[in-house]
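Per UniProt numbering, residue 1 is the first one in the sequence shown, and the count goes up by one each step.
Where a beta carbon is used, it is the ideal one built from N, C-alpha and C, also for glycine.
Since the structure comes first, as structure tokens, the remarks are kept for the end.
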Amino acid sequence: MFKRKQEAIPVVEVGLSILSLCLAFVFFGSPQMFDRLPSTYEFFKALAPEWGWAIFFLVAASLKLLGIATKQRNIRKAGLIGSTIIYGLIAAAYYLGTGLFSIGFFTYAVLSFIALFSVREVDFLNGE
């Protein structure tokens, strides 16, 4: 009788959420991760211990997934902005620890830009 409108799943946001959840589990699972390579992870450890990073990743992923499930644009934007900040911090830490031409710096800088541009896409995909 009534056809329900099927909405597209925001693939980039779901992908960033899965990545954030995976990184949260990595940080929760290896509490001495920053001690293995002190020169690389010095900046990470100065900001927060491993469990602090894990909680931040978990909060960002939860906000994105909650926003997608409830169709709340502001919650989705908050999660994406959180991801932008944390991936930017990680890119900066890799830059300070290993230099400009490291794969870690490039990877997290690209992820930060993807999350940043996804904030703008939330309005385009949801309208209003």
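Integer Cβ distance of residue i from residue j, believed to fall under 8 Å
| i | j | result |
| --- | --- | --- |
| V59 | G88 | Going by Cβ atoms, the distance from V59 to G88 rounds to 16 Å, so no, they are not a contact pair. |
| A38 | W51 | According to the sequence displayed, residue 38 carries Pro and not Ala. Contact doesn't hold; Cβ gap of about 18 Å is too wide. |
| F43 | A93 | 4 Å |
| S57 | L23 | Correcting the residue identity first, residue 57 is Phe in this sequence and not Ser. Between L23 and F57 the Cβ distance is about 5 Å, and since that is below 8 Å, they are a contact. |
| F34 | A54 | The pair is not a contact, with the Cβ atoms about 12 Å apart (cut-off 8 Å). |
Residue i, buried or exposed, once every other Cβ within 10 Å from all chains shown has been counted against 16
| i | result |
| --- | --- |
| T84 | buried |
| L47 | exposed |
| V122 | buried |
| I18 | exposed |
| I75 | buried |
| G67 | buried |
| A115 | buried |
Range covered by the alpha helix (DSSP H) that runs through residue i
| i | result |
| --- | --- |
| E7 | It is not in any alpha helix (DSSP H) - E7 carries neither H nor E in the DSSP assignment. |
| V34 | Just to set this straight, residue 34 is Phe in the shown sequence, not Val. M33 to R36 is the extent of the alpha helix (DSSP H) around F34. |
Worksheet item: Below 8 Å, can you find three or more Cβ-Cβ pairs linking the region 4-19 to the region 68-83?
Response: The answer is yes - the region 68-83 touches the region 4-19, with three or more Cβ pairs under 8 Å.
Fill in: Three CB pairs or more closer than 8 Å across the region 96-104 and the region 57-74
By the Cβ rule, the region 96-104 does not count as touching the region 57-74, because fewer than three pairs are nearer than 8 Å.
Item to complete: Please specify which runs of the alpha helix (DSSP H), each continuous and at least 4 residues long, are wholly inside the region 47-84, giving them in chain order.
Response: Qualifying alpha helix (DSSP H) stretches, in chain order: 50-70.
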